[in-house]
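Structure, as structure tokens:
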Amino acid sequence: MKAYLLFLWRIWKLSWAGSTRYYAWILLLTLLVLVGVNAWARQFVEGLQTTGMTNQVSWGAYIANFTFLVGVAAAAVMLVIPAYVYKKEYMHEVVIFGELMAIAVIVMCLLFVTVDLGRPDRFHHMIPPFGVFNFPGSILSWDVIVLNGYLLLNLHIAGYLLYCRYQGRKPTRRFYIPFVFLSIFWAVSIHTVTAFLYVGLAGRSFWHHPLVPSRFLASAFVAGPGLMILAFQVIRKVMRYHIGDAPIFTLRMIMTVAMLINMFLLLCELFTEFYYPTQHAASAHYLFFGVHGHHGLVPWIWSAISMNTLGLLLLVSPASRRILWLNVACVLCFIGIWIEKGMGLIIPGFVPTPLGQVVEYLPSVNETLVCLGIWSLGALMFSWMVHVAVPILNGSLRAQPPLSNASQPTATLP
Amino acid sequence: MNNDPGQPQVPRTLEEVFRPQNRRTFLKGAAATVAGMAGLVAALKPLLALERGEITLDDLLQRHYRQLTPGDLQRIMAALETKCQQERGVRPTIRDLKPMDGVEFGYALNLTRCIGCRRCAHACLKENNQSRERPDDIEMSYIRVLELNKGAINLETSNVYYDAAQVPQPDKYYMPVQCHQCRQSPCTKVCPVQATWQEQDGIVVVDYNWCIGCRYCMAACPYDARRFNYKKPALQKEQINPNQDYLSNRIRPKGVVEKCTFCLQRTRDGRYPACLEVCPTGARVFGNLLDPESEIHYVLKNKRVYVLKEEVGTLPRFYYFFDT
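Okay, here's the thing in structure tokens:
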């Protein structure tokens, strides 16, 4: 216990030790977080009228970002599976970063749901025994369980492995391997349940569609690995930690396959909606072409489709064996999927309304600032976690300090 | 792992990782902490504008409606009355009318008769204390009247923004839509905190003091029947209907969902809904579905009845019918 407290104390001290670049980055993110907090405080006082949402489009940027990010969090599994199921040794040098990213991103998800609430002061109504939990009826209550469960799983796995590494002892398999395998299923479940949030609504035909969960997973396994490829390169560049090209190119392969599936499913969707258009295609029609003179989402979805197509072309071509082009593909796919799942999936579900009204939606400035704040907080958390994890991983932070001329680190991370 | 040949790792001592704490680093850390706290305080400054008593400890500790003792509820309703008087200058009477035994309410609307005058939508506002910016602002009304093209029942080409002074148009007909009080209600199913439920008489209600404002019910509703309070309801003193019910037309707090309750503050008291009373053509029929002598029973048995979006499987207690 005492040793663990000392560990935490050292982590705390380590958080403040960094280069000027580290300080500048943290300071920038902190400022953006504060801007977001400020915008949220305004929203808390004035109500959700500070957003662009209406009775007709009752979910907006918050739920869109939430949906997208659940996918990014679930994508950590794409590091876990090669590392633990296929026992790729080189994936073990990065798998922990995937778990840390999942932690940061799940926290972002929970925050996006919280800022979307009209009464955040009643948050405890969802938590038994203070609240009344509508389980198993409401898929939202399922989502609360799976998201928090995934957060705990990743906190446990990453925390346990890092602590063992810090103590210089080999982790006990039964304390983490079962959780690692559980987290594989759990990761799939968080995104499936999130898809069921929408699929379960029979009154919205745009969402009431068995393809949605599969597409969610496929697009998540593009966006998540895309972000990881970029993050790994930053880590190996600015920190004393070696990440080879092998994990990056494994992720490239995963992205390519996932994007192919995603585009194929998109094609199936387009065929179903437009080959023989019914009234159920009204939302799709609004999204892709506009209806009754309203075209708000048309530029969004076509930019998403262009970015995804371009990203896919790069991924399948040998060009993306070069890191530069791979990075371009990652950025294109990440933004493309973000649009596709947000403005391209959540918003058109509400347009037209079930009674045929067309009310368009655009996020307000205040709403955008809140989103920016949460994204910055996620980046801040991930940066901080990597900042303290790397000295543990590369052996510079140990429970027993080695002498200056000591030998190489003995324990290895599994 | 992590043994890049080009970049051998040299383990550092703790002292290298943590440069020894001296006066300078201590001051730096302290300054950063102070600046951070100051920034947080500054960022939270808008919270100062919160009105006094907007969120009280009693509010935070209040239980779900169905867990309240009668005494608790009396105390809460009295507090709401006082609050309304202080804030809006009118003291309402808030009651808690219970469902009556042997009653299941049903509503039927005669599409042949409706002329689209929108009086029902306005009467709804007057009765149910919804927020409105201007006297003619009916966005929060629980009734949306659709103007449809004759020849089909196609909601996709409907219009809610038509000019009510020009009705009825010869090539149009009109369909008011409000909460259908579904037997299989998607809205109550999805609510994560059971803040909305079906009462024994079939009316779907919301506990405004329990709703967390996630708006999942609005996404679930196939009839666009729910409204959200994006801000504190805007109501003039003279617009307030003081005859209120806890689960129905009492003035809602900011950030919760509201909906049609078949005017339960009236109907559980033996009166008709406000929208029915105001209808100039007698297009609306309301009553007890379980009473074989009731007019609603007669209509459902003898008229050509149409259920809106029957394919969604909601089994509404709201019906449309046609005269022959």
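From first to last, the protein sequence lines stand for chains A and B.
Position one of the first sequence corresponds to residue 11 (this note's numbering), numbered consecutively onward.
Position one of the second sequence corresponds to residue 808 (this note's numbering), numbered consecutively onward.
We put the beta carbon where it would ideally sit given N, CA and C, even for glycine.
None of the values given here were measured: they were computed from a predicted structure.
A Cβ-Cβ contact shorter than 7 Å links K1044 of chain B with R895 of chain B. According to the DSSP assignment, F912 of chain B belongs to the beta strand (DSSP E) that extends over F912 to N917. For the segment 854-882 of chain B, the set of positions with a beta-carbon nearer than 7 Å to some beta-carbon of chain A reads L854, A856, L857, I862, L867 and H871 in chain order. For N1050 of chain B, the uninterrupted beta strand (DSSP E) run begins and ends at N1050 to D1052, by DSSP. The Cβ atoms of E109 of chain A and A168 of chain A sit closer than 7 Å to each other. Shown in chain order are the members of the segment 1051-1072 of chain B whose Cβ falls below 9 Å from a Cβ of chain A: P1060, K1061, G1062, V1063 and V1064. Cβ-Cβ separation between Y981 of chain B and L962 of chain B: approximately 13 Å, too far for a contact (criterion under 8 Å). Secondary structure at K180 of chain A: coil, using DSSP grouped into helix, strand and coil. Secondary-structure assignment with DSSP links T1003 of chain B through a beta bridge to B:V1013. Proximity of chain A to C989 of chain B at the Cβ level (cut-off 9 Å) is not reached, the minimal Cβ distance being about 10 Å. DSSP lists B:P983 as the beta-bridge partner residues of V952 of chain B. The continuous alpha helix (DSSP H) containing G878 of chain B extends over residues P877 to R895.
The beta carbon of G57 of chain A sits closer than 8 Å to those of G128, all from its chain and outside the five residues before and after it, given in chain order. Chain B has a Cβ within less than 7 Å of the Cβ of T363 of chain A. Its chain contains V974, P975, Y981 and T1088 as the residues whose beta carbon lies nearer than 7 Å to that of I922 of chain B, once the 5 sequence neighbours on both sides are disregarded; these appear in chain order. DSSP, read as helix, strand or coil, puts T61 of chain A in coil. Under the Cβ criterion (8 Å, minimum of three pairs), the segment 55-73 of chain A counts as touching the segment 1022-1029 of chain B. Taking G1094 of chain B as reference, the option from B:G909, B:T900, B:M844 and B:T840 with the minimal CA-CA separation is B:G909.
In the three-state scheme derived from DSSP, where H, G and I count as helix and E and B as strand, F1128 of chain B is classed as strand. Neighbours of G923 of chain B in chain A, taken as residues at a C-beta separation under 8 Å, are lacking, since the least C-beta distance is about 14 Å. Here I149 of chain A is near G210 of chain A, since their CB atoms are less than 7 Å apart. The CB of F1035 of chain B comes closer than 7 Å to the CB of N65, S68 and G128 in chain A, given here in chain order. By the Cβ neighbour-count rule, D1014 of chain B is buried, with 16 or more other Cβ atoms within 10 Å of its own.
Annotation for N1095 of chain B: the continuous beta strand (DSSP E) segment containing it runs R1091 to N1095. Annotation for Q410 of chain A: G178 place their beta carbon closer than 7 Å to its own, counting only its chain and skipping 5 residues before and after. With 16 or more other Cβ atoms inside 10 Å of its own Cβ, L955 of chain B counts as buried. Your pair A1002 of chain B and W1017 of chain B checks out as a contact, with CB atoms roughly 4 Å apart and the cut at 8 Å. For the 7 Å CB-CB criterion, T60 of chain A and N376 of chain A form a contact.
Interface annotation for the segment 992-1008 of chain B against chain A: P993, T995, K996, V997, C998, P999, V1000, Q1001 and A1002, criterion Cβ-Cβ distance under 9 Å.
Residues are counted here when their Cβ sits less than 9 Å from a Cβ of chain B; for the segment 178-199 of chain A the count is zero. By the CB criterion at 7 Å, F78 of chain A and G321 of chain A fall outside the cutoff. Along the segment 1013-1031 of chain B, the positions whose C-beta sits under 8 Å from a C-beta of chain A are W1017, C1018, I1019, G1020, C1021, R1022, Y1023, M1025, A1026, A1027, C1028, P1029, Y1030 and D1031, read in chain order. Closer than 8 Å at the C-beta level to chain A, one finds these residues of the segment 949-961 of chain B: R951, L953 and N961. In this structure, the CA atom of F54 of chain A is about 21 Å from the CA atom of L1042 of chain B. Residue range P993 to V997 is occupied by the alpha helix (DSSP H) that includes K996 of chain B, with no beta strand (DSSP E) assigned at that position.
Between V1119 of chain B and P1029 of chain B, the C-beta gap is smaller than 7 Å, which places the two residues in contact.
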